[in-house]
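Residue numbers (my numbering): 2 to 489.
Encoded structure:
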């Protein structure tokens with residue numbers, strides 16, 4: 002009995018010792034965990050304080066906007082903000098063509114935040130007591146835009162698609178660009194997909210892709226066009242305006258030349274001395290009576306391997322001596338930008354409108370850029386046809402310069418001889434596209450950024466923000482006898 006009691010006492014003591022060791026182990030583990038937690042908290046607060054110090058006033062401003070989000074009075078916009086995907090590798094986020102479309106609240110909140118910052122910059126950081134942003138509650142877009150706001154093209158915090166949906170095209174100023182409506186469409190009933198063809202913005206490639214890869218047709222008649230415009234998915238491609246203008250000019254030059262006898266109201270028939278229409282810019286063809294006369298300027302016989310052959314002239318870079326560049330300079334100076342005499346001179350935005358009477362955009366779901374056309378068409382195919390989509394037909398038909406269909410001829414005028422002042426005026430002529438497609442100005446036009454501004458106001462009747470050019474094109478105020486030619 003005594004032995005059994007002794008054994009039991011020994012067992013109890015051993016259990017107590019084990020429990021004590023477990024308790025100590027648990028205690029030590031808890032202490033280590035608490036220490037690590039305290040250390041992590043300290044590091045977190047240090048990071049927060051450091052970030053707050055680095056971001057400064059902008060961080061406090063963003064916090065204020067976020068805190069007041071629930072109190073923002075956002076005016077409901079009539080514009081449709083459709084979803085789209087990011088597809089432009091060469092675009093910055095603020096200029097992205099296919100980044101995800103924001104919903105109404107997010108879109109307007111971005112604009113409200115941006116407008117407040119712009120007003121602050123204009124006021125040198127000092128809020129006027131009477132200015133909208135001095136309120137303790139972030140005001141509505143209507144109040145923020147009680148006076149119009151001028152801004153630099155390409156600076157909006159919106160995608161190109163969202164910017165287009167805020168665009169306003171003055172139906173009087175741009176009435177000649179608005180003639181004919183949206184123009185041609187390509188419609189795939191199979192994939193419920195419509196494509197808007199914009200001349201000199203990849204339309205030849207787009208037409209070919211839709212026809213061969215998406216089984217599309219180009220609708221004719223009001224009923225067929227209406228069906229296409231009611232498609233769930235409507236896409237378009239746009240192009241940097243300065244680059245596009247050069248292509249527009251080249252195309253219009255040849256199509257309206259006096260020797261071109263196909264669909265040309267300015268054709269000069271040698272067998273019919275009575276010409277019905279006189280070209281608005283006849284100096285463009287001075288001493289040119291045939292295409293060969295024109296060709297001999299950008300491809301002089303003395304520069305050809307075989308002076309008696311013209312074969313190499315088709316795709317060879319221009320060798321012109323400045324004659325064609327000077328004529329382009331003069332054309333840009335005299336062209337008012339409001340009366341395109343050829344369809345290829347029409348701006349891009351007017352081709353994307355639903356109603357010419359009020360100048361608002363149509364329901365476009367995806368907007369792409371021609372700078373990345375081949376890649377974007379691959380994305381479009383994978384979305385609608387499937388991940389297995391391969392452009393075997395397009396690959397077989399692909400031409401030089403990455404152009405799947407259409408012409409890829411080099412410039413006939415020497416672009417290096419075009420003056421910077423000419424390019425600045427081109428930016429003015431195409432300012433509607435720069436403002437409404439959120440394209441940044443090219444470097445040659447940046448010096449005139451203040452004179453090439455966009456404007457934003459609020460249309461109370463429609464309850465919508467409006468974006469449009471801050472200045473409008475007109476005839477250059479220079480006498481023809483004093484036509485200025487830029488320094489070379």
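Backbone N, C-alpha and C fix where the C-beta goes; we use that ideal spot for every residue, glycine too.
Status (buried if at least 16 other CB within 10 Å, exposed otherwise) for residue i
i           : result
residue 191 : exposed
residue 343 : buried
residue 257 : buried
residue 227 : exposed
residue 423 : buried
residue 476 : exposed
residue 292 : exposed
residue 403 : With a pLDDT of 47 at residue 403, under the threshold of 50, the predicted position of this residue should be treated as unreliable, and no value is reported.
residue 315 : exposed
residue 249 : buried
residue 117 : buried
residue 80  : In this prediction, residue 80 has a pLDDT of 29, which is less than 50 and means its spatial position is unreliable; nothing more can be read from the coordinates.
residue 277 : exposed
residue 1   : The structure shown has nothing for residue 1, since the chain only spans 2 to 489.
residue 140 : buried
Integer-rounded CB distance, given that residue j should sit under 8 Å from residue i
i           : j           : result
residue 238 : residue 113 : Residue 238 to residue 113, Cβ: 31 Å. No contact.
residue 185 : residue 219 : 6 Å
residue 298 : residue 340 : Actually they are not in contact, since the Cβ atoms of residue 298 and residue 340 sit about 27 Å apart, beyond 8 Å.
residue 329 : residue 165 : Rounded, the Cβ-Cβ distance is 29 Å, inconsistent with contact.
residue 182 : residue 196 : Contact flag wrong, Cβ pair sits at about 16 Å.
residue 386 : residue 235 : 17 Å between Cβ atoms; not a contact.
residue 466 : residue 111 : Wrong, their Cβ atoms sit about 11 Å apart, outside the cutoff.
residue 187 : residue 217 : 5 Å
Rounded separation between residue i and residue j - CA only
i           : j           : result
residue 421 : residue 453 : 14 Å
residue 252 : residue 347 : 12 Å
residue 109 : residue 167 : 11 Å
residue 382 : residue 304 : 45 Å
residue 283 : residue 260 : 13 Å
residue 115 : residue 124 : 14 Å
residue 350 : residue 294 : 36 Å
residue 459 : residue 215 : 40 Å
residue 353 : residue 306 : 46 Å
residue 331 : residue 254 : 14 Å
residue 447 : residue 310 : 43 Å
residue 199 : residue 334 : 25 Å
residue 180 : residue 321 : 35 Å
residue 418 : residue 412 : 12 Å
residue 308 : residue 302 : 5 Å
residue 451 : residue 425 : 12 Å
residue 289 : residue 203 : 30 Å
residue 169 : residue 463 : 12 Å
residue 163 : residue 365 : 10 Å
residue 371 : residue 272 : 43 Å
residue 158 : residue 388 : 32 Å
residue 378 : residue 210 : 8 Å
Range of the contiguous alpha helix (DSSP H) that encloses residue i
i           : result
residue 300 : Careful: residue 300 lies outside any alpha helix (DSSP H) and carries neither H nor E.
residue 458 : Note, residue 458: premise wrong, no alpha helix (DSSP H); beta strand (DSSP E) at 455 to 460.
residue 334 : 324 to 335
residue 253 : 242 to 256
residue 321 : Run containing residue 321: none; DSSP gives neither H nor E here.
residue 204 : 204 to 214
residue 165 : 161 to 166
residue 177 : 176 to 179
residue 142 : 142 to 145
residue 1   : Any question about residue 1 goes unanswered here, given that the chain covers just 2 to 489.
First through last residue of the beta strand (DSSP E) which encompasses residue i
i           : result
residue 470 : 465 to 470
residue 273 : Per DSSP, residue 273 belongs to no beta strand (DSSP E) and is neither H nor E.
residue 239 : 234 to 239
residue 450 : No beta strand (DSSP E) holds residue 450; DSSP gives it neither H nor E.
residue 195 : 194 to 197
residue 410 : No beta strand (DSSP E) holds residue 410; DSSP gives it neither H nor E.
residue 219 : Premise fails: residue 219 is in no beta strand (DSSP E) and is neither H nor E.
residue 188 : 186 to 189
residue 151 : 150 to 152
residue 369 : 367 to 370
Test: residue i CB closer than 8 Å to a CB of chain D
i           : result
residue 172 : Among the chains in the structure shown there is no chain D, since it carries only a single protein chain.
Q) Within the chosen definition, does the segment 242 to 252 reach the segment 429 to 447 through at least 3 CB pairs nearer than 8 Å? A) They touch, by the three-pair rule.
Q) Are the segment 149 to 160 and the segment 454 to 473 touching by the rule of at least three beta carbon pairs closer than 8 Å? A) Counting Cβ pairs under 8 Å, three or more are found: they touch.
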